[in-house]
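Residue numbers (my numbering), protein chains in the order written: chain A, 1 to 297; chain B, 1 to 593. All C-beta atoms, glycine included, are put in the ideal place defined by N, C-alpha and C. Everything numeric in this text was worked out from a predicted model, so none of it was measured. Report on one structure; see the data block that follows.
See below:
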């Protein structure tokens with residue numbers, strides 16, 4: 001109570017802070033969010049570098065160097081075929097990011113419009129979409145992905161599509177909640193009073209105003225997608241060999257856990273770091289963008 | 001000690017209950033409250049007047065040690081017999097004072113009460129907190145007594161009620177009961193009646209008055225409403241931009257203001273009927289229902305009449321009302337109950353009329369506007385606007401209608417899309433309409449519309465948050481006028497604005513309606529605002545029209561009891577000042593800080 005009063009009395013600095021975008025947004029990110037951003041940026045850089053350069057060819061087997069620990073030549077050691085772990089890890093970042101991007105894109109493109117539709121068209125459309133989303137959420141995402149993998153055959157693409165579809169309901173829910181809030185504002189009434197068609201209202205008014213929520217959801221979903229891809233690859237339903245992938249590195253290292261623990265430690269750390277990075281970034285973005293927490297700090 | 005005793009003894013400075021010296025509040029580099037001195041004597045009632053952002057709430061909060069942590073403060077606040085420095089007192093000490101020696105009543109009674117706790121428990125909590133009463137039975141009896149003292153009906157039952165089961169007025173009474181639970185020495189009220197309807201506001205103020213006077217409690221009353229402060233307080237401080245610009249006894253300050261800002265506030269809160277209203281009053285026929293025989297109202301309109309678009313002129317020449325509502329019903333059905341938002345409403349509006357629809361919250365006035373604007377559908381009855389039957393209109397004729405009838409909304413924050421530039425907002429009604437306009441044409445119309453409301457066209461690429469509340473409402477008006485409509489519908493267009501800004505926006509509306517010969521339909525809960533702008537008044541209650549007629553008649557000789565109650569409850573500065581005995585005289589005025 002006293003907080004809101006003070007904000008109101010504090011003048012323009014309080015409730016109507018300009019919608020953050022671009023550089024201003026970066027500056028307003030809390031420290032943890034900035035750490036997340038740095039981690040994410042680091043992974044992106046590594047993936048980009050690996051496109052043109054890795055210490056060794058990640059696919060080249062050198063049998064005489066197999067299962068070596070950390071040495072000067074191989075800072076992170078080698079695997080059971082004598083491949084350089086650092087190089088595989090770097091190349092694996094590509095797959096991780098690719099899966100994350102495509103899965104999130106699929107989820108956002110499918111889920112967001114459905115959520116907006118549900119929020120704008122109350123009645124049976126809303127009922128159908130929300131119940132459908134609830135039903136999909138009732139199944140573990142991994143189970144859906146395993147089913148998809150079984151039907152479509154194990155490949156990076158089938159994993160991405162399955163993860164994307166499984167994450168769709170999350171976007172639909174967030175978009176619907178945001179849409180309901182936006183739809184109750186007077187500017188929607190004003191737009192309807194100006195005879196604007198529903199599609200234009202959705203495009204010009206609703207989407208820009210719920211965009212922040214979608215961005216937050218995307219960064220959190222990204223982390224989930226990375227984890228899901230690793231799990232699928234671990235189960236052999238994701239990226240097929242020999243394409244480098246963090247999840248499959250874990251699986252491959254499993255048999256040598258006692259002899260060469262570094263084979264599981266490094267990819268495990270990489271996955272954990274990536275997930276942490278995206279989660280921190282997502283939380284930071286939420287702090288800055290989400291109207292519910294905005295202005296509370 | 002009674003209030004009068006307290007006041008007569010008040011000549012000496014020693015009996016100061018609260019002494020504030022050099023209080024200042026900073027947020028980073030910004031000074032929100034400039035060094036301020038204030039003394040509240042026992043039994044004295046002090047008003048703090050100012051607009052939003054003037055620092056009045058912060059000043060009030062600092063007296064009870066509730067300033068937000070992120071703000072820095074300086075100076076001292078001393079409370080007699082308790083503490084020399086409330087501002088820096090440890091939290092434990094403050095907790096012992098809050099609710100016992102100082103209590104506070106907030107603006108919004110819904111959020112100030114815990115929604116998940118029975119109100120009886122919330123009141124008794126204040127009593128048990130300070131261990132002022134030994135056992136539960138006594139607490140219960142005391143709570144019942146308190147609820148009775150704030151005149152809540154059936155206190156036994158109310159003990160177990162939850163806040164959402166009470167009306168706004170009842171909730172504010174509960175807050176008062178809580179505030180008085182421990183007979184505090186000082187009561188701080190922060191806009192306690194702003195969220196209430198006028199008739200309820202009057203009851204709550206009466207109650208507050210009585211309670212404060214009978215107990216001799218000192219009062220700090222924060223409000224933006226001069227009339228409310230005038231009737232409640234003895235002494236008043238006027239704040240602007242964090243400074244006290246004027247202080248003195250209520251009669252002195254409000255009858256002979258010295259500072260320009262006070263004068264401006266006074267002028268703004270004394271809304272006279274406009275020239276437009278008087279002009280129309282002379283020429284137009286008196287009754288609304290018998291409007292059929294009333295020739296051409298546009299004829300008597302003076303210069304504005306000649307500028308009217310041909311279409312509208314034809315309409316009025318045919319003696320056909322521009323808006324005709326008859327037997328209108330609107331019911332909302334939910335599983336549990338049926339709500340009649342509108343019951344059998346009849347209304348006729350001729351071109352050039354300025355209609356004011358008055359009523360308290362829930363009277364159905366906004367629903368009526370929404371139906372007229374085609375944003376809601378009637379349950380039964382007929383509504384025709386500009387010759388279009390709104391209930392059965394095709395999409396195309398609806399679109400044509402909306403070009404002729406535009407709406408200005410209440411909240412200038414919510415009615416402008418924060419993600420759009422001002423240009424995009426204002427030109428929106430032009431998009432997708434008949435006679436598709438080119439981008440350049442749209443831009444020109446937008447610029448012209450913005451300039452007509454006093455916003456430079458160069459500001460068109462900025463976003464709404466870069467403008468003040470008054471400017472935003474101007475933008476909202478520009479959007480409504482960009483299609484060059486015949487009818488302007490305004491839903492509480494100034495109720496979210498500060499008084500001085502209100503006056504400016506009302507003047508703008510008045511000028512635009514005059515210049516463009518618009519037909520105006522305005523909804524408001526504020527009778528002064530409606531009287532200022534409108535020449536015909538429609539009073540609504542519980543979804544029904546209880547009275548309608550020319551403004552002078554309705555205000556001068558109201559026929560309906562409800563209208564009378566509404567008029568009486570509306571605080572009027574002049575009436576309050578006339579009734580106030582000029583106690584104290586000029587010698588009472590303390591030195592300016």
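- Residue 499(B) and residue 197(B) have their C-alpha atoms roughly 18 Å apart.
- Residues of the stretch 174 to 202 of chain A whose Cβ lies closer than 8 Å to any Cβ of chain B, in chain order: 185, 186, 187, 189, 190, 191, 192, 193, 194, 195, 196, 197 and 200.
- Each of 150(B), 127(B) and 116(B) was checked against the Cα of residue 165(B), and the nearest Cα belongs to 116(B).
- In this structure, residue 105(A) and residue 167(A) do not form a Cβ contact; the two beta carbons are roughly 10 Å apart against a cut-off of 8 Å.
- For the stretch 107 to 119 of chain A, no residue has a beta-carbon sitting nearer than 9 Å to a beta-carbon of chain B.
- In this structure, the beta-carbon distance from residue 261(B) to residue 245(B) falls below 8 Å.
- Secondary structure note for residue 532(B): its alpha helix (DSSP H) is the uninterrupted segment 527 to 533.
- A Cβ-Cβ distance of about 11 Å is found for the pair residue 391(B) and residue 385(B), leaving them out of contact under the 8 Å criterion.
- Of all residues in the stretch 228 to 242 of chain B, none places a beta-carbon less than 7 Å from a beta-carbon of chain A.
- Shown here, residue 170(B) sits in a helix according to DSSP, grouped into three states.
- In terms of Cα proximity to residue 248(A), the closest of 158(A), 26(A), 51(A) and 88(A) is 88(A).
- Look at the beta carbons and you see the stretch 73 to 90 of chain A touching the stretch 260 to 267 of chain A: at least three pairs across the two are nearer than 8 Å.
- If you check each beta-carbon in the stretch 205 to 232 of chain A against every beta-carbon of chain B, the ones closer than 7 Å belong to 205, 208 and 209.
- DSSP places residue 347(B) inside the beta strand (DSSP E), whose first and last residues are 338 to 349.
- Within the same chain, 271 come within 6 Å of residue 528(B) by CB-CB distance, once the 5 residues on both sides are set aside.
- At a cut-off of 8 Å, the C-beta of residue 373(B) has a neighbouring C-beta in chain A.
- Sequence-distant partners of residue 57(B) (beyond 5 residues in either direction) whose C-beta falls short of 7 Å from its own C-beta, in its chain, are 190 and 222.
- In this structure, 220(B) is the residue among 474(B), 94(B), 155(B) and 220(B) with its C-alpha nearest to the C-alpha of residue 234(B).
- The C-beta distance from residue 186(B) to residue 218(B) rounds to 5 Å, short enough to fall under 8 Å.
- Neighbourhood of residue 148(B) in chain A, by CB distance below 7 Å: empty, with the nearest CB roughly 27 Å away.
- Residues of the same chain with a CB within less than 7 Å of the CB of residue 416(B), apart from the 5 flanking positions on each side, are 425, 464, 472, 475 and 476 in chain order.
- Within a 10 Å sphere around the beta-carbon of residue 25(B) sit 16 or more other beta-carbons, which makes this residue buried.
- Within the same chain, and ignoring the five residues on either side of residue 191(A) in sequence, the residues whose Cβ sits closer than 7 Å to its Cβ are 201 and 205.
- With a threshold of 16 other beta carbon atoms within 10 Å, residue 33(A) meets it and is buried.
- Note: residue 357(B) is bridge-paired with 523(B) and 538(B) in the DSSP secondary-structure output.
- Annotated three-state conformation of residue 211(A) is helix, per DSSP.
- The Cβ neighbour count for residue 535(B), taken over all protein chains shown within 10 Å, is at least 16; the residue is labelled buried.
- Cβ-Cβ distances below 6 Å link residue 530(B) to 356, 358 and 524 in the same chain, with the five nearest sequence neighbours on each side left out; the list follows chain order.
- In this structure, DSSP gives residue 52(B) a state outside helix and strand, which the three-state scheme calls coil.
- Taking 8 Å as the cut-off, the beta carbon of residue 137(A) is found closer than this to the beta carbon of residue 169(A).
- The secondary-structure analysis by DSSP pairs residue 278(A) with nothing; it has no beta-bridge partner.
- When Cβ-Cβ separations below 8 Å define contact, residue 495(B) makes no contact with chain A.
- Look at the beta carbons and you see the stretch 278 to 291 of chain A touching the stretch 27 to 45 of chain A: at least three pairs across the two are nearer than 8 Å.
- Taking 8 Å as the CB threshold, residue 485(B) stays off the interface with chain A.
- Contacts with chain A (Cβ-Cβ distance below 8 Å) from the stretch 406 to 417 of chain B involve 406, 407, 409, 410, 411, 413, 414, 415, 416 and 417, listed in chain order.
- Out of 237(A), 233(A), 241(A) and 242(A), the CA that lies nearest to the CA of residue 250(A) is found in 233(A).
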